[in-house]
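Working notes, beginning with the structure itself.
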Amino acid sequence: MPVKIRCRGCEKILNAPDAARGKVIQCPKCGTKLKVPAGQQAGSKKPAAAQSTAGSKPGKASVKKQRRQPVKAAAPPPSETDFFANLDFQQAEDTESRVCPYCATDLDEESDVCPGCGMNVATAQMDPKEKIRRSRKGPDTRKFYKEAWTDSWAFVKKRKDLALRTGWYLTVFIVLSFASVFMVTYCTSGPPKTFWAACSFMAMMGLPGWSFFLSMKIVEFSMGKQEKMDRIHFDFFQCVTLGMRTIFWPAVMLIPFIPIIVAIKPAVVLLPLIPAMSLFTEVDPPAWAEYRTVFILLGILSAVPLLVLPLAIVHMTAKYTYKAWILWELSKVFIKNIGPALYWVSMATLTFLLPFGAVLGGIQLFGGGVNPFFNEHYLSLTEKMVAPLLGTNAGWQFTAVAAVVRFSLAFVLAAPLFMLAGFPIVFLMRAIGVLGYYRKHDLELVPMVASNTPCGFWVRMLAFLVDVLFFPLAIFVAVKDKRAMSVGLLLSALVGVTLLFGYLRTSVAPFAIALWAVYMWWMYFCVQESTTQRTTIGKDGFGLIVATEDNKQMTLGMATKRFFASLLTLLTMFLGFVMCAVHPQKKALHDIVSKTKVVWEGDK
525 MPVKIRCRGC
535 EKILNAPDAA
545 RGKVIQCPKC
555 GTKLKVPAGQ
565 QAGSKKPAAA
575 QSTAGSKPGK
585 ASVKKQRRQP
595 VKAAAPPPSE
605 TDFFANLDFQ
615 QAEDTESRVC
625 PYCATDLDEE
635 SDVCPGCGMN
645 VATAQMDPKE
655 KIRRSRKGPD
665 TRKFYKEAWT
675 DSWAFVKKRK
685 DLALRTGWYL
695 TVFIVLSFAS
705 VFMVTYCTSG
715 PPKTFWAACS
725 FMAMMGLPGW
735 SFFLSMKIVE
745 FSMGKQEKMD
755 RIHFDFFQCV
765 TLGMRTIFWP
775 AVMLIPFIPI
785 IVAIKPAVVL
795 LPLIPAMSLF
805 TEVDPPAWAE
815 YRTVFILLGI
825 LSAVPLLVLP
835 LAIVHMTAKY
845 TYKAWILWEL
855 SKVFIKNIGP
865 ALYWVSMATL
875 TFLLPFGAVL
885 GGIQLFGGGV
895 NPFFNEHYLS
905 LTEKMVAPLL
915 GTNAGWQFTA
925 VAAVVRFSLA
935 FVLAAPLFML
945 AGFPIVFLMR
955 AIGVLGYYRK
965 HDLELVPMVA
975 SNTPCGFWVR
985 MLAFLVDVLF
995 FPLAIFVAVK
1005 DKRAMSVGLL
1015 LSALVGVTLL
1025 FGYLRTSVAP
1035 FAIALWAVYM
1045 WWMYFCVQES
1055 TTQRTTIGKD
1065 GFGLIVATED
1075 NKQMTLGMAT
1085 KRFFASLLTL
1095 LTMFLGFVMC
1105 AVHPQKKALH
1115 DIVSKTKVVW
1125 EGDK
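The numbering of the sequence shown is our numbering, which starts it at 525 and goes up by one.
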């Protein structure tokens, strides 16, 4: 019997020949390929129930009823169903192109794997790679390469305000940093230099800080953690804090290479201290030629954070972010996602690095740069603008007006460049969010950790490095113990007077600084770890707490005992700390001595 099917192309009802069951034919009117249902062909055995019914003799009542009812002739089918009435199936079957026999999807001439259903037509089995890909939950990862461009560009067009705000904030931060650095060189005494150096540092940290803050918000929204993207508010001090985190991140990533760098040039460990020391003492500038090999190596290593940057940002949006800081952990994630990561780096190079670098290089080469505070061309232009009004001998009035002119010139030069740069920056942030959405199951994110689980060596080391940066601020963060805070304020005032008034070279200064450092160290760790929070700033950032062996809160006395035990760990050249990498319960030497442990606070 013919099989009635409806053509998807022309919506006509067709009578397919019985011989076409289970095969692909072509509509004679519109050419659409149609899969004919297999079913049972004519002449095949009927189901058991049907055979028993057909073989049984009809009852007398049913025979009489059939005799009384006249037999009506079947109505002829509509004319549009006669396309296949006299059709030779050998001519109706499509033999010009390859189609999948299982879902009628077109097949490539060089591939036996159906893109529609994943079946391999040569082996009549599901392709192994397709089976793995289809067994994974989530969106199709292959769509990332297209969506990274189309979706990101659509996002930028829809959220132009974020691009313009980004350009404006970057302009403000760069101009403030220009002005502050100029004031550092202009001032001659210690206290003003210190003030303007701090302003310069905060302005410079705001540049990467806002970018990092905005990228986190966009990635969280893109990965589906937020149904609607709320208005993003600007917080200067939050941007400064995140800027420190952004600059600190690549340094932490490259920690495994520090022994190699120090082995090449041991004096390199003193280079970070030179800017701070130059504020208070006369320090001879280093002979940069002696460090040429170190700088070349650092330049090569700087490519590592760039390659893993999109993966690290996605990890920093997770609840537990430690994998974003550990080179070994992030390297394993990079290997699994090397294609998308390199694809994003190529996008960043084409849309931002090359255009922005070319424009900035051209301005520097032909226009004199975008910093009018240190460029002779702009300085002479400033004098020509101000001198006719006040004269060159106007004293501080001339200096004040010239500063306003330079400040205005800096905005005029920097604003167009950075306002335009805001668009590719937001574009790349959205591309990272698209990467996180499509590659979520390959990024090895850590959404949950059991509470009181011992943490390993690398996480504790990262938390310790963060605490090393913050321990000088102990009098501001460890405020639970009023007596300890009072002593800390007194010692801080003593050291501040020593530094600001030039007593750094006296015999009192080393003793005062050493006493202050030890006390701040004790106050930072002991006071914070003995509170109900049981953690420090660094440990809290990674979700760690310090507890006794029976998971109780430490007292201040126990925390002090742990502090002196940590000094014992320092005397072993940190070998006592490395013990937690091999200890069964991941304990360091001072953990064993003080009968404490560092564990994940975890999810209860």
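Cβ coordinates follow ideal geometry from the N, Cα and C atoms, glycine included.
Residues near tyrosine 1048 by beta carbon distance below 6 Å, same chain, minus five either side:
If you number the sequence shown from 1, residue 1048 lands on position 524. Excluding positions up to five away in sequence, the list reads Phe995, Ala998 and Ala1002.
Residue(s) in a DSSP beta bridge with tyrosine 902 | Numbered from 1 along the sequence shown, position 378 holds the residue referred to as residue 902. Answer by DSSP bridge pairing: none, since tyrosine 902 is not bridged.
Using the Cα positions of phenylalanine 1129 and methionine 909, report the straight-line distance between them to the nearest angstrom.
The structure shown does not extend to residue 1129, since the chain is modelled only from 525 through 1128, so no value can be given for it.
Touching or not, the region 828–838 and the region 760–779, by the rule of three or more beta carbon pairs under 8 Å?
By the Cβ criterion, the region 828–838 is in contact with the region 760–779, since at least three pairs of Cβ atoms, one from each stretch, lie closer than 8 Å.
Checklist entry - Can you check whether the CB of arginine 963 is closer than 8 Å to the CB of proline 864? => result Here residue 864 is taken as the residue at index 340 of the sequence shown, counted from 1. Here residue 963 is taken as the residue at index 439 of the sequence shown, counted from 1. Closer than 8 Å, so yes.
Quick one: residues in its chain with C-beta nearer than 8 Å to the C-beta of threonine 841, no 5 flanking neighbours on either side, listed in chain order? Taking the sequence shown and counting its residues from 1, one reaches residue 841 at position 317. Once the five neighbours on either side are set aside, the close Cβ partners of threonine 841 are Met740, Val743, Glu744, Met747, Lys749 and Gly960.
Exercise. In terms of residue numbering, what span does the alpha helix (DSSP H) encompassing glutamine 762 cover?
Worked result: Looking up residue 762 in the sequence shown gives position 238. For glutamine 762, the enclosing alpha helix (DSSP H) has its first and last residue at 760–777.
| query | Across which residues does DSSP place phenylalanine 1121 in a beta bridge pair? | reply | Residue 1121 sits at position 597 when you count from the first residue of the sequence shown. Checking the sequence, you will find lysine at residue 1121 rather than phenylalanine. According to DSSP, which records beta bridges pairwise, lysine 1121 is partnered with Ala1071.
Margin query: Short of 7 Å in beta carbon distance, which residues of its chain neighbour methionine 871, apart from the five on each side in sequence? Order them along the chain.
Written below: Residue mapping note: residue 871 aligns to position 347 of the sequence shown, counting from 1. Only Ala672, Leu952 and Ala955 meet the Cβ criterion.
Secondary structure at lysine 888, three-state DSSP: helix, strand or coil?
Within the sequence shown, the letter at position 364 stands for residue 888. Reading the sequence as shown, one finds glutamine at residue 888 and not lysine. It is helical.
(message) What does the Cβ neighbour count give for serine 1010, buried or exposed, with the cut at 16 atoms within 10 Å?
(response) Taking the first residue of the sequence shown as position 1, residue 1010 is located at position 486. It is exposed - the Cβ of serine 1010 has fewer than 16 other Cβ atoms within 10 Å.
Below 8 Å between beta carbons: does that hold for tyrosine 846 and valine 1051? Numbered from its first residue, the sequence shown carries residue 846 at position 322. Numbered from its first residue, the sequence shown carries residue 1051 at position 527. No, the pair does not count as a contact, with Cβ atoms beyond the cut-off.
- Which term fits valine 992, buried or exposed, when burial requires 16 or more other beta carbons within 10 angstroms of its beta carbon? Here residue 992 refers to the residue found at position 468 when the sequence shown is read from its first residue. Exposed, because fewer than 16 other Cβ atoms sit within 10 Å of the Cβ of valine 992.
Close beta carbons around leucine 933, own chain, < 7 Å, minus the five adjacent residues each side:
In the sequence shown, counting from the first residue as 1, residue 933 sits at position 409. Listed in chain order, the non-local C-beta contacts of leucine 933 below 7 Å within the same chain comprise Pro896 and Tyr902, local neighbours out to five positions each way being set aside.
*The alpha helix (DSSP H) spanning leucine 825 covers which residue range?*
Within the sequence shown, the letter at position 301 stands for residue 825. Unbroken alpha helix (DSSP H) run through leucine 825: 816–825.
Give the straight-line distance between the Cα atoms of phenylalanine 697 and lysine 1110, rounded to the nearest whole angstrom. If you number the sequence shown from 1, residue 697 lands on position 173. If you number the sequence shown from 1, residue 1110 lands on position 586. Approximately 44 Å, taken between the alpha carbons.
**Prompt:** Are the C-beta of methionine 707 and some C-beta of chain B separated by less than 8 Å?
**Reply:** In the structure shown, chain B does not exist; there is a single protein chain.
**Message:** Taking a contact to mean a Cβ-Cβ separation below 8 Å, would you say lysine 559 touches glutamine 550 in this structure?
**Reply:** Walking along the sequence shown from the start, residue 559 turns up at place 35. Walking along the sequence shown from the start, residue 550 turns up at place 26. No; because the gap between Cβ atoms is not below 8 Å, this pair is not in contact.
Please report the residue range of the alpha helix (DSSP H) in which valine 548 lies. Translated into positions along the sequence shown, residue 548 becomes position 24. Taken as a continuous stretch (DSSP letters only), valine 548 belongs to no alpha helix (DSSP H), being part of the beta strand (DSSP E) at 548–550.
Around the C-beta of proline 561, are 16 or more other C-beta atoms found within 10 angstroms, so that it is buried, or is it exposed?
Here residue 561 refers to the residue found at position 37 of the sequence shown. With fewer than 16 other Cβ atoms within 10 Å, it is exposed.
Quick check on cysteine 534: buried or exposed, where buried means 16 or more other Cβ atoms within 10 Å of its Cβ? One-based indexing of the sequence shown puts residue 534 at position 10. Cysteine 534 comes out exposed.
Check your understanding: Helix, strand or coil: how does DSSP classify alanine 842 here?
Key -> Within the sequence shown, residue 842 is the residue found at index 318, counting from 1. If DSSP states are grouped into helix, strand and coil, alanine 842 belongs with coil.
Could you have a look at lysine 557 and say whether DSSP puts it in helix, strand or coil? Numbered from 1 along the sequence shown, position 33 holds the residue referred to as residue 557. Looking at lysine 557 - three-state DSSP - the assignment turns out to be strand.
| Beta-carbon contacts of aspartate 664 that lie in its chain and below 6 Å, excluding the five residues immediately before and after | Position 140 of the sequence shown, counted from the first residue, corresponds to residue 664. Around aspartate 664: no qualifying Cβ.
Can you look up arginine 1058 in the DSSP assignment and give me helix, strand or coil? Working through the sequence shown from its first residue, we reach residue 1058 at position 534. Here arginine 1058 sits in coil by DSSP.
Just the Cα atoms here: how many angstroms apart are aspartate 1115 and glutamate 1125? Numbered from its first residue, the sequence shown carries residue 1115 at position 591. Numbered from its first residue, the sequence shown carries residue 1125 at position 601. C-alpha separation (whole angstroms): 17 Å.
Task: 8 Å Cβ cutoff met for threonine 977 and valine 1123 - done: Here residue 977 refers to the residue found at position 453 of the sequence shown. Here residue 1123 refers to the residue found at position 599 of the sequence shown. Taking 8 Å as the Cβ cut-off, threonine 977 and valine 1123 qualify as a contacting pair.
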